[in-house]
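**Q** Here the working numbering is used: the first residue of the sequence shown is 7, the next is one more, and so on.
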Amino acid sequence: MTKTKLLAGLSAACLAGTLSATPAGAKDLKLSDQFPTQHTITAEGTKAFFDHIAAHPEADLTIKHFPAGQLGKPTAQLDLVQDRVADIAMVGISYVPEKLPISTMMELPSLYQNPFGGYETIRRMAQDELNEAEFKKAGIKPLWSVVTPQYQLLLTRKDPITDIADLKGVKARVAGATAELVASAIGLTPVRMPAPDLYVALERGTLDAAIYSLSVLQSYKLEEVTNSYTSNAALGGVSFVAFMNLDVWEGLSEAQQKVVMEASDAAGFATACALMKNEAKTIETLNGMGKTVYEMDDKLQGQFADALAGVSETWKTDMDALKVPGSDMLARFNEIRDGLIADGTVEASTKTCMGGA
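Structure, rendered in structure tokens:
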């Protein structure tokens with residue numbers, strides 16, 4: 007790969023970076039992720055990152071992008087950045103619960119409602135509390151965080167569910183260990199599976215359902231193999247964090263670090279905004295296809311709430327068994343989130359995204 011070809015496997019028209027020859031003090035870096043180039047996280051978030059880098063040639067940064075698992079599977083992204091196969095990797099926290107257990111709290115149901123409530127909270131904690139508790143010890147520097155809107159229940163069946171008993175024995179994809187707790191609590195039979203494998207599993211009948219985000223459903227063409235979707239289930243979310251190898255980070259100049267973090271802020275907001283907008287667009291698309299998108303009624307919501315009531319306590323008990331401060335971190339998340347709602351930060355970010363005043 008030449009220096010004039012910044013991105014491996016991506017159209018230069020899609021994502022652009024620094025194309026100039028590399029002077030002394032410059033850095034050649036590799037960014038890895040699991041996502042196809044049309045995925046929102048790549049097409050919006052990673053694009054914003056590269057756009058900012060490209061706008062600052064004085065930083066002498068050349069970053070090559072390896073999307074779609076070119077350097078490793080979704081479950082291997084953390085290893086890639088720790089081992090410096092990649093300098094930066096977008097890590098799905100759900101895929102590495104044994105290494106970053108506290109961060110799996112983002113999978114807990116109803117932890118946030120507005121996606122910006124989740125995003126604005128986790129981006130602060132990633133640079134502070136979670137960095138000290140988990141990331142720094144793992145030799146990684148958090149750049150930007152991605153939080154999906156609350157997960158919904160996608161089913162291959164056409165008819166909506168009317169009672170929680172309808173879910174008994176239904177095989178459903180989940181992302182990680184915390185989502186397994188959620189699925190089991192409502193009667194599903196959970197099957198852990200990376201998102202890129204989901205289409206084939208649903209198509210072949212290996213799975214009957216998935217706990218997944220409507221906002222990125224079309225990135226993997228899941229609308230082709232599913233037929234009904236809840237819109238208000240709030241079954242948790244999932245977090246991805248772009249990590250840089252800590253030694254690589256410390257090898258950057260202060261000026262380079264500043265540009266990287268500015269680019270990261272742009273990427274985080276762009277992703278959160280795109281995911282929020284995409285959820286509404288996806289629902290409109292599904293309705294236009296004749297699919298069944300429905301709100302659970304009060305009775306069904308009550309059944310879900312009762313079934314899920316103990317999930318957070320189970321998670322905290324699991325964290326205690328691991329001797330990590332999960333309970334304290336969850337309490338801190340709730341505190342920060344509530345503060346950001348009260349001071350108007352969440353509302354302001356939402357309005358900025360949606361084009362409001």
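Ideal Cβ placement from N, Cα and C applies to all residues, glycine included.
For S225, name the three-state secondary structure that DSSP assigns.
**A** Three-state result, S225: helix.
**Q** Please find out if some non-hydrogen atom of the ligand ADP comes closer than 7 angstroms to the beta-carbon of P331.
**A** The model on display carries no ligand, and the ligand ADP is accordingly not part of it.
**Q** In whole angstroms, what separates the C-alpha of R163 from that of L173?
**A** Cα to Cα, the separation comes out at about 11 angstroms.
**Q** Just checking my contact of R179 with A240 at CB under 8 angstroms: how many whole Å lie between their CB atoms?
**A** No, R179 and A240 are not in contact; Cβ-Cβ is about 18 angstroms, not under 8 angstroms.
**Q** Please tell me whether G332 and M111 are closer than 8 angstroms, where the distance is taken between their beta carbons.
**A** Yes, they are a contact pair.
**Q** What is the DSSP secondary structure of A216, counted as helix, strand or coil?
**A** A216 falls in the strand class under three-state DSSP.
**Q** With distances taken from CA atoms, which of E341, A54, D93, D303 is nearest E135?
**A** Checking every option, the nearest Cα to that of E135 belongs to E341.
**Q** Which complete alpha helix (DSSP H) runs does the segment 263 to 329 hold, if anything under 4 residues is left out?
**A** DSSP runs (the alpha helix (DSSP H)) wholly in the segment 263 to 329: 304 to 314, 317 to 327.
**Q** Note down, one range per segment and in chain order, each beta strand (DSSP E) of at least 3 residues found wholly within the segment 72 to 137.
**A** Runs of the beta strand (DSSP E) inside the segment 72 to 137: 94 to 98.
**Q** Would you give the residue range spanned by the alpha helix (DSSP H) that D34 belongs to?
**A** Run containing D34: none in the alpha helix (DSSP H); it sits in the beta strand (DSSP E), 33 to 38.
**Q** Output yes or no for whether 8 angstroms exceeds the beta carbon distance between S221 and T288.
**A** Going by C-beta atoms, S221 is nearer than 8 angstroms to T288.
**Q** Looking at L149 and A248, is the spacing between their C-beta atoms short of 8 angstroms?
**A** Closer than 8 angstroms, so yes.
**Q** Who are the Cβ neighbours of K227 in its own chain at under 7 angstroms, not counting the five residues just before and after it?
**A** These residues qualify, in order along the chain: Y205.
**Q** How many angstroms separate the CA atom of V98 from the CA atom of A272?
**A** In the sequence as presented, Val is not what sits at residue 98; that position holds Gly. Cα-Cα distance, rounded: 19 angstroms.
**Q** Looking only at its own chain, which residues have a Cβ that is under 6 angstroms from the Cβ of A54, when we skip the five neighbours before and after it?
**A** Excluding positions up to five away in sequence, the list reads A272, A273, A276.
**Q** Using a 10 Å radius around the Cβ and a threshold of 16 neighbouring Cβ atoms, would you call A181 buried or exposed?
**A** Under this definition A181 is a buried residue.
**Q** Give me, in chain order, the residues of the same chain whose beta-carbon lies closer than 6 angstroms to that of E285; leave out the 5 immediate sequence neighbours on both sides.
**A** Within the same chain, E285 has close Cβ partners P155, L220, S221.
**Q** Just checking, does the segment 27 to 46 make contact with the segment 64 to 79 on the three C-beta pairs under 8 angstroms criterion?
**A** Yes: the two stretches touch, three or more of their Cβ pairs being nearer than 8 angstroms.
**Q** Does the pairing of the segment 113 to 132 with the segment 312 to 332 give three or more beta-carbon distances under 8 angstroms?
**A** Short answer: they touch.
**Q** My guess is that N137 and T356 are in contact by the Cβ rule of under 8 angstroms, so how many angstroms apart are they, rounded?
**A** That belief does not hold up - the Cβ atoms of N137 and T356 are roughly 26 angstroms apart, past 8 angstroms.
**Q** So, for T28: in the same chain, excluding its five sequence neighbours on each side, which residues have a beta-carbon less than 8 angstroms away from its beta-carbon?
**A** Because T28 sits at a pLDDT of 39, beneath the cut-off of 50, its placement in the model cannot be relied upon, and the point is left open.
**Q** If I follow the unbroken beta strand (DSSP E) through L159, where does it start and stop?
**A** From DSSP, the beta strand (DSSP E) with L159 extends over 158 to 161.
**Q** Going by Cα to Cα distance, which pick from T168, T43, T232, M250 is closest to D304?
**A** The candidate whose alpha carbon is nearest that of D304 is T168.
**Q** Assuming L161 and D214 form a contact by the criterion Cβ under 8 angstroms, report the distance between their Cβ atoms to the nearest whole angstrom.
**A** Their Cβ separation, rounded to whole angstroms, is 7 angstroms, which keeps L161 and D214 in contact under 8 angstroms.
**Q** For T358, count neighbouring Cβ atoms within 10 angstroms of its own Cβ and tell me buried if that reaches 16, exposed if not.
**A** Exposed, by the Cβ-count rule.
**Q** Return helix, strand or coil for A207, following the three-state DSSP convention.
**A** Three-state result, A207: helix.
**Q** Looking at the strands, I want to know which residues DSSP matches up with N238.
**A** None; N238 has no bridge partner.
**Q** Measure from the alpha carbon of S237 to the alpha carbon of each residue in P107, Q76, L336, E301, then state which is nearest.
**A** Nearest option by C-alpha distance: E301.
**Q** According to DSSP, is P63 part of a helix, a strand, or is it coil?
**A** In this structure, P63 counts as helix in the three-state DSSP scheme.
**Q** Check whether the segment 87 to 106 touches the segment 123 to 131, taking contact to mean three or more Cβ pairs, one atom from each stretch, closer than 8 angstroms.
**A** Touching, no.
**Q** Compare the beta carbon distance of L441 and P107 with 8 angstroms and say whether it is the shorter of the two.
**A** Given that the chain is displayed from residue 7 to residue 363, the structure contains no residue 441 and the question cannot be resolved.
**Q** Note the first and the last residue of the continuous alpha helix (DSSP H) segment covering A354.
**A** Where A354 is concerned, the enclosing alpha helix (DSSP H) stretches over 351 to 360.
**Q** Where does S190 fall in DSSP's three states?
**A** S190 falls in the helix class under three-state DSSP.
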